[in-house]
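Student: Residues 8 to 496 in our numbering are what the sequence shown lists, from first letter to last.
In this text, a Cβ means the ideal position worked out from N, Cα and C, and glycines have one as well.
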Amino acid sequence: MRPLVIARITRAILIAFAALCAVYLFAGCSDNSRRIAQPLTGITEWTLLVKVDPKRQAEAIPGILDMTRSFAMASGSSNPPRLLERPELEKLGYLVFTTGDLYPDGVVSAIEAAPFVRTVIPDRRIRLTPPIGDMLAVPDPGINAQWAHAKLGSQAAWARGVTGKGVVVAVVDTGVQCSHPDLSGACVAAGRDFTGENSLSDPNGHGTHVAGTVAARNGNGIGGAGIAPDAGILSVRVLDAEGSGFDSWIASGIVYAVDRGAKIVNLSLGGDELGTVMRDAVQYGTQRGVIFTCAAGNSGSNVATYPNAYPECIGIAATKKDGEVGTTWTNWGVNADLGAPGESIMSTCVTSRYCNMSGTSMAAPVAAGVVALALSGGVGWADVLGLINRTGVLLTGRLSGLRRPNLTALSSFLVLPSSSTSTATSTPLPATATSTRRPTATSTSSPTTTRVKTATPTRRPTPSPHPTRTRRPRWPWWQAFPLLIVKRR
Numbered sequence: 008m009r010p011l012v013i014a015r016i017t018r019a020i021l022i023a024f025a026a027l028c029a030v031y032l033f034a035g036c037s038d039n040s041r042r043i044a045q046p047l048t049g050i051t052e053w054t055l056l057v058k059v060d061p062k063r064q065a066e067a068i069p070g071i072l073d074m075t076r077s078f079a080m081a082s083g084s085s086n087p088p089r090l091l092e093r094p095e096l097e098k099l100g101y102l103v104f105t106t107g108d109l110y111p112d113g114v115v116s117a118i119e120a121a122p123f124v125r126t127v128i129p130d131r132r133i134r135l136t137p138p139i140g141d142m143l144a145v146p147d148p149g150i151n152a153q154w155a156h157a158k159l160g161s162q163a164a165w166a167r168g169v170t171g172k173g174v175v176v177a178v179v180d181t182g183v184q185c186s187h188p189d190l191s192g193a194c195v196a197a198g199r200d201f202t203g204e205n206s207l208s209d210p211n212g213h214g215t216h217v218a219g220t221v222a223a224r225n226g227n228g229i230g231g232a233g234i235a236p237d238a239g240i241l242s243v244r245v246l247d248a249e250g251s252g253f254d255s256w257i258a259s260g261i262v263y264a265v266d267r268g269a270k271i272v273n274l275s276l277g278g279d280e281l282g283t284v285m286r287d288a289v290q291y292g293t294q295r296g297v298i299f300t301c302a303a304g305n306s307g308s309n310v311a312t313y314p315n316a317y318p319e320c321i322g323i324a325a326t327k328k329d330g331e332v333g334t335t336w337t338n339w340g341v342n343a344d345l346g347a348p349g350e351s352i353m354s355t356c357v358t359s360r361y362c363n364m365s366g367t368s369m370a371a372p373v374a375a376g377v378v379a380l381a382l383s384g385g386v387g388w389a390d391v392l393g394l395i396n397r398t399g400v401l402l403t404g405r406l407s408g409l410r411r412p413n414l415t416a417l418s419s420f421l422v423l424p425s426s427s428t429s430t431a432t433s434t435p436l437p438a439t440a441t442s443t444r445r446p447t448a449t450s451t452s453s454p455t456t457t458r459v460k461t462a463t464p465t466r467r468p469t470p471s472p473h474p475t476r477t478r479r480p481r482w483p484w485w486q487a488f489p490l491l492i493v494k495r496r
């Protein structure tokens, strides 16, 4: 039988099945209500992320469109479903469809039954909430007002000429005010907005603070300095002015950043669900040698949140200014691989000002800056976390067993830019190097803190598939994440 005839028969079967489900939708065609939230009020359009067999994408598009349109006709909907062009997600194997004003429960059931479909995911909305405490505006502060530099020993790396030059850090966030005087020359390329607002500015302020923490310029006579003051910033806007975005926006932004040459992607965002499409995007990056620094969350919890709980992410907990302990509000245990300063972090703010903010959203870019220094100093991407841990300072309290970066010690293993080579083998590891990504530590309150991420200790001149890591178990969803609140569209 010719392929055209087969395709027509397949389409006819799918349309008939979709119509049947539409008629018997409430008679139990499929019980997806357990995993799809109840309809939200005021929603005019739903979006589905459909992962299909790459070899059958050509027949999947018309088949799914016919299926969803049959639902629309059966329900009397005046808002027909359509295919959205999302090239970044297509690289991950996803097609993006709207279902019009139809609640997607029954639509998902029908689409999932198609032989060319692997999974169907309703796009989730993520809302950014304010950091811990108030955002405090400060005058032009100077580097001495940034306590994290003294704690980490940033000057030791800078004194060796290691400043992050040549390393691009993607800030996947609310945008970046690249015109800020202390970010002059920091932003590389034009960046990209995935929110649909067609603006690369930062109407929220969160992303600009993150960018300055990584790479605010040093020696310009104003403000302070980022941890890696000569690193490049790639602004990828995935959250709107209200700090709200969708999984599809974030995943698209990650793929975009990877394709544009970012070596580090900072994700100061998260939620309580695994997020399959976001996980696929993170894996897309790690398979290409990209490192992800992810905020651990601000609930004071040892229950997994995402994306920081993905094995591919370095989860960053927040440490206090005084002592070597975590803050009272930082997440820990299953969420954390490393500690970093996250309390009263002074950085760039929108309208060319400076401000103090607290949260794991601030700790993650501190860690991203440290990683940028390590990469620019010749450390292989697979060895970064291991070297940071082995030269780091041991933390106590609920972060017991974790370490925070110690650039004074780390800098002795960094190669001067003038003598570094294109291969990662030029930087020696400490004699005590092991393959564990973080020290094994058993918490007195939960055995789950014994989970570790592992990285292959051998260096590779070119990144290939991501290093072997111990997979984390899927943990149950939980009630709230103060850093971000997940809602469905």
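1. Using the beta-carbon count (16 or more within 10 Å), is Asp-279 buried or exposed?
2. Terminal residues of the continuous beta strand (DSSP E) containing Thr-355?
3. Using alpha carbons as the reference points, say which of Tyr-317, Val-178 and Thr-355 lies closest to Pro-372.
4. Within this structure, are the beta carbons of Ile-240 and Val-391 separated by less than 9 Å?
5. Sort Tyr-361, Val-245, Gly-346 and Gly-231 by Cα distance to Leu-406 and report the nearest one.
6. Can you check which of these residues, Phe-78, Ile-261, Lys-328 and Leu-96, is closest to His-156 by C-alpha distance?
7. Is Ala-197 helix, strand or coil by DSSP?
8. I believe Thr-75 touches Thr-126 by the beta-carbon criterion, under 8 Å. Please report the beta-carbon distance rounded to the nearest angstrom.
9. I'd like to check one pair, Ala-235 with Leu-380: are the Cβ atoms closer than 9 Å?
10. Please state whether the Cβ-Cβ distance between Thr-403 and Thr-367 is less than 9 Å.
11. Short check: CB of Ser-7 to CB of Arg-93, under 9 Å?
12. Would you identify the three-state DSSP class for Ala-19, choosing helix, strand or coil?
13. Please return the same chain residues whose Cβ sits closer than 6 Å to the Cβ of Asp-237, not counting the five positions on each side in sequence.
14. Label Asn-305 either buried or exposed according to how many other C-beta atoms from any shown protein chain fall within 10 Å of its C-beta, with 16 as the threshold for buried.
15. Name the one or two DSSP bridge partners that Leu-392 has.
16. Is the separation between the beta-carbon of Leu-414 and that of Val-386 shorter than 9 Å?
17. Can you pull the DSSP bridge partners for Pro-348?
18. DSSP three-state label for Val-169, please.
19. Is Gln-64 buried or exposed, if buried means 16 or more other CB atoms sit within 10 Å of its CB?
20. For Gln-294, which of Ser-308, Ala-316 and Cys-320 has the nearest alpha-carbon?
21. Looking only at its chain, what residues have a beta carbon closer than 8 Å to the beta carbon of Thr-202, apart from the 5 residues adjacent to it on each side?
22. Using only CA atoms, which one of Gly-160, Tyr-361 and Ser-208 lies nearest to Asp-189?
23. So, helix, strand or coil for Lys-98, using DSSP?
24. Along the beta strand (DSSP E) that carries Phe-123, what are the first and last residues, could you check?
25. Does DSSP put Phe-33 in a helix, a strand or coil?
26. Drop a sphere of 10 angstroms on the beta-carbon of Thr-48, count the other beta-carbons inside from all chains shown, and report buried for 16 or more, exposed for fewer.
27. Based on DSSP bridge pairs, tell me the residues matched to Lys-58.
28. Determine the direct distance from the alpha carbon of Gly-268 to that of Val-195, and round the result to whole angstroms.
Tutor: Considering the structure as presented:
1. It counts as buried.
2. Note, Thr-355: beta strand (DSSP E), 352-356.
3. The alpha carbon of Pro-372 has as its nearest neighbour, out of Tyr-317, Val-178 and Thr-355, the alpha carbon of Val-178.
4. For Ile-240 and Val-391, no; Cβs fall outside 9 Å.
5. Comparing alpha carbon positions, the residue from Tyr-361, Val-245, Gly-346 and Gly-231 closest to Leu-406 is Gly-346.
6. Of the candidates Phe-78, Ile-261, Lys-328 and Leu-96, the one whose C-alpha sits nearest the C-alpha of His-156 is Lys-328.
7. Correct three-state label for Ala-197: coil.
8. About 16 Å separates the CB atoms of Thr-75 and Thr-126; that is not less than 8 Å, and the two are not in contact.
9. Between Leu-380 and Ala-235, the C-beta spacing is below 9 Å.
10. No, the pair does not count as a contact, with Cβ atoms beyond the cut-off.
11. One cannot answer for residue 7 here, as it falls past the ends of the chain, which runs 8 to 496.
12. Residue confidence is low: Ala-19 scores 42 on pLDDT, short of 50, so the model does not pin down where it sits. Its coordinate-derived value is still stated next. Reduced to three states, the DSSP call for Ala-19 is helix.
13. Taken in chain order, the residues that qualify are Thr-170, Gly-171 and Lys-172.
14. Asn-305 comes out buried.
15. Under DSSP, no beta-bridge partner is assigned to Leu-392.
16. Cβ distance not < 9 Å, so Leu-414 and Val-386 don't count as in contact.
17. According to DSSP, Pro-348 shares a beta bridge with Thr-326.
18. Coil at Val-169, not helix or strand.
19. The Cβ neighbour count for Gln-64, taken over all protein chains shown within 10 Å, is under 16; the residue is labelled exposed.
20. Gln-294 has its Cα closest to that of Cys-320, out of Ser-308, Ala-316 and Cys-320.
21. Within the same chain, Thr-202 has close Cβ partners Arg-244, Val-245, Leu-246, Asp-247, Gly-252 and Trp-256.
22. Of Gly-160, Tyr-361 and Ser-208, the residue nearest in Cα terms is Tyr-361.
23. Reduced to three states, the DSSP call for Lys-98 is coil.
24. Element bounds for Phe-123: n/a, residue is neither H nor E.
25. Because the pLDDT at Phe-33 is just 23, under 50, the model does not fix this residue reliably, and the value given afterwards should be weighed accordingly. If DSSP states are grouped into helix, strand and coil, Phe-33 belongs with the helices.
26. Note that Thr-48 scores a pLDDT of 34, beneath 50, so its modelled location is shaky; the value from the coordinates is reported in the next line. Thr-48 is exposed by the Cβ-count criterion.
27. Note: Lys-58 sits in a beta bridge opposite Tyr-101 and Thr-126.
28. Between Val-195 and Gly-268, the C-alpha separation is close to 10 Å.
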